[in-house]
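Residue numbers (our numbering): 4 to 617. Quick notes on the structure that follows.
See below:
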């Protein structure tokens, strides 16, 4: 098969995937007045009965958000409204995970069957798809044990030990050597181990995944061995990457099975190195991120297969704009900044950009998919080899168009604003993709800037690094736009920024997305301070204050870049904009705090209610 034939097949697979995703998104028709959807009705009914939740419009919306968008926050809100306690909510969330994983696994198997039947791609890549699926099944079985142990057992215990004082938890973890270390013996920025309590001594010890979840990891290792055996039967006649794929899966197998905790980060860095060598339009995602575990940053059980859209690959201009603005800003800061940014820009140059969709996904990803991602997080590997950025533009746009209008959005942002945003997504996909490039792909490149190999570890002394890093990423993309503005896009950029900042306020109590909530708080402080937005019963936008907004963001970002270069505790920057009250971060400015409190109160009251726009 020639490369062109392969890419033609890939386009056919991509279109079929989009068609199947559109069919799933169509489940939202159930909520539209005058429309019906028999399949969605049946699925939602089974889901709500399993969870023993009364059926009404709000619980239907929560069910669809969980089933179609794989997000738990709406379900959690409905359960809280029902008066469920924490233990009951945990149980229901686990039942929901089981239901959703089975539904999506059945969809994956149907799709894999279609590819086999059509004999698309090559035997090598069909074997890859098949083998990745079987590893995914084993990972999905492991996920519940991972969540139960780390998120629902150990972390609440750690918090209770120090009355919710995160800084003291981090101090204890460091002093008792309970964090994974790098090859050099320094504390790492993530862990591939869990804490297990020695009941006799009443002390924790760190234990590798392979030891803590012995049966589950063994099953994953066997599935990886089967995948390697499958690939060995064929040649990669199109890309010549057979050996690279086998080396990668072998490294994964060895890393999963490894039991010495002080060698885990090094083992997984080797996985990332071998993964960076794979440049085909089908990409596997392995355990890379660590948002869920607030304390030890235990790496989540991600597993997926991603597909590139051959038609979208050449459309991003953000890389060039990021480089220009960052280089210019570093010159203002002096020699050490120029040294750091030179390393960062080399990573930007080496970064491989994949614009496409998730094709198959499992385990942790049944609790939410990325809209984009920049990985690996290992800065040593990135210094050597760069990064990969994955951007799911089509997937995000389809989802945006399918979702119903939320009553809260109309109440807070106004019907005209909501209508304008929907029209943009539905009628101007090219313009929408341009904005996605600036905001989302820009965000991913923004993560790369001002970072040294030990930045995260040093700045995370109080455990707040992630809570400013998402803001840094988004504003990195924004700064790139400010340095290369297109007049026609200015108002759209403001709209995107405001709706993002406001929408993030709903995530106040969702632990794993706390960094995004904190990002939203900082945005709102800046947007209100610059005068570009105000609030009197509805958010108002004064586009005449664009230059003032730009200036305020530039000052905030320059201060943030200096903070990173000095590797100061992230908490000190966060506290300029937000302070903790009763365990929750809130804005420091009275006006902004009043808006945030009002928004969240209304979210709890009407957060899952939808409306129809004529």
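Virtual Cβ for every residue (Gly too), placed ideally from N, Cα, C. Owing to the predicted nature of the structure, the values given are computational and were not obtained by experimental measurement.
Cβ-based neighbour list, residue i, same chain, cut-off 8 angstroms, excluding 5 preceding and 5 following
{"i": "residue 478", "result": "449, 556, 559, 560, 563"}
{"i": "residue 537", "result": "531, 543, 545"}
{"i": "residue 177", "result": "190"}
{"i": "residue 414", "result": "541, 605, 609"}
{"i": "residue 237", "result": "125, 126, 127, 130, 245"}
{"i": "residue 258", "result": "195, 267, 270, 271, 273, 274"}
{"i": "residue 422", "result": "616"}
Chain-order list of residues whose beta-carbon lies under 7 angstroms from that of residue i (same chain, five-residue window excluded)
{"i": "residue 1", "result": "What is shown of the chain runs 4 to 617, which leaves residue 1 out entirely."}
{"i": "residue 548", "result": "533, 534, 535"}
{"i": "residue 4", "result": "125, 240, 241"}
{"i": "residue 282", "result": "355"}
{"i": "residue 437", "result": "492"}
{"i": "residue 117", "result": "19"}
{"i": "residue 334", "result": "341"}
Burial state of residue i, where buried means 16 or more other Cβ atoms lie within 10 Å
{"i": "residue 342", "result": "exposed"}
{"i": "residue 390", "result": "buried"}
{"i": "residue 552", "result": "buried"}
{"i": "residue 60", "result": "exposed"}
{"i": "residue 111", "result": "buried"}
{"i": "residue 121", "result": "exposed"}
{"i": "residue 518", "result": "buried"}
{"i": "residue 164", "result": "exposed"}
{"i": "residue 139", "result": "buried"}
{"i": "residue 385", "result": "buried"}
{"i": "residue 494", "result": "exposed"}
{"i": "residue 339", "result": "exposed"}
{"i": "residue 91", "result": "exposed"}
{"i": "residue 412", "result": "buried"}
{"i": "residue 57", "result": "exposed"}
{"i": "residue 290", "result": "buried"}
{"i": "residue 159", "result": "exposed"}
{"i": "residue 569", "result": "exposed"}
Chain-order list of residues whose beta-carbon lies under 6 angstroms from that of residue i (same chain, five-residue window excluded)
{"i": "residue 43", "result": "30, 33"}
{"i": "residue 192", "result": "459, 460"}
{"i": "residue 143", "result": "104, 365, 366"}
{"i": "residue 54", "result": "95, 98"}
{"i": "residue 68", "result": "74, 77"}
{"i": "residue 457", "result": "none"}
{"i": "residue 200", "result": "207"}
{"i": "residue 416", "result": "542"}
Alpha-carbon to alpha-carbon, residue j and residue i
{"i": "residue 567", "j": "residue 264", "result": "29 angstroms"}
{"i": "residue 183", "j": "residue 80", "result": "35 angstroms"}
{"i": "residue 589", "j": "residue 582", "result": "6 angstroms"}
{"i": "residue 407", "j": "residue 615", "result": "8 angstroms"}
{"i": "residue 275", "j": "residue 249", "result": "14 angstroms"}
{"i": "residue 20", "j": "residue 404", "result": "17 angstroms"}
{"i": "residue 63", "j": "residue 329", "result": "46 angstroms"}
{"i": "residue 93", "j": "residue 223", "result": "25 angstroms"}
{"i": "residue 541", "j": "residue 336", "result": "40 angstroms"}
{"i": "residue 611", "j": "residue 505", "result": "16 angstroms"}
{"i": "residue 300", "j": "residue 294", "result": "7 angstroms"}
{"i": "residue 371", "j": "residue 503", "result": "18 angstroms"}
{"i": "residue 572", "j": "residue 516", "result": "20 angstroms"}
{"i": "residue 425", "j": "residue 297", "result": "35 angstroms"}
{"i": "residue 348", "j": "residue 325", "result": "9 angstroms"}
Cβ distance (whole Å) where residue i is taken to contact residue j below 8 angstroms
{"i": "residue 315", "j": "residue 358", "result": "4 angstroms"}
{"i": "residue 233", "j": "residue 130", "result": "4 angstroms"}
{"i": "residue 1", "j": "residue 303", "result": "The displayed coordinates of the chain run from 4 to 617. Any statement about residue 1 would go beyond what the structure contains."}
{"i": "residue 145", "j": "residue 216", "result": "6 angstroms"}
{"i": "residue 440", "j": "residue 320", "result": "7 angstroms"}
{"i": "residue 132", "j": "residue 308", "result": "7 angstroms"}
{"i": "residue 376", "j": "residue 451", "result": "That belief does not hold up - the Cβ atoms of residue 376 and residue 451 are roughly 13 angstroms apart, past 8 angstroms."}
{"i": "residue 305", "j": "residue 292", "result": "6 angstroms"}
{"i": "residue 528", "j": "residue 592", "result": "6 angstroms"}
Span of the beta strand (DSSP E), counted from its first residue to its last, around residue i
{"i": "residue 306", "result": "305-311"}
{"i": "residue 115", "result": "Element bounds for residue 115: not the beta strand (DSSP E) but the alpha helix (DSSP H), 89-121."}
{"i": "residue 685", "result": "Since the first residue shown for the chain is 4 and the last is 617, residue 685 is missing from the structure and cannot be characterised."}
{"i": "residue 355", "result": "355-366"}
{"i": "residue 398", "result": "It is not in any beta strand (DSSP E) - residue 398 instead sits in the alpha helix (DSSP H) that spans 396-405."}
{"i": "residue 209", "result": "206-211"}
{"i": "residue 537", "result": "536-539"}
{"i": "residue 287", "result": "285-288"}
Where the alpha helix (DSSP H) through residue i begins and ends
{"i": "residue 177", "result": "169-178"}
{"i": "residue 505", "result": "493-506"}
{"i": "residue 146", "result": "126-149"}
{"i": "residue 460", "result": "458-462"}
{"i": "residue 448", "result": "445-451"}
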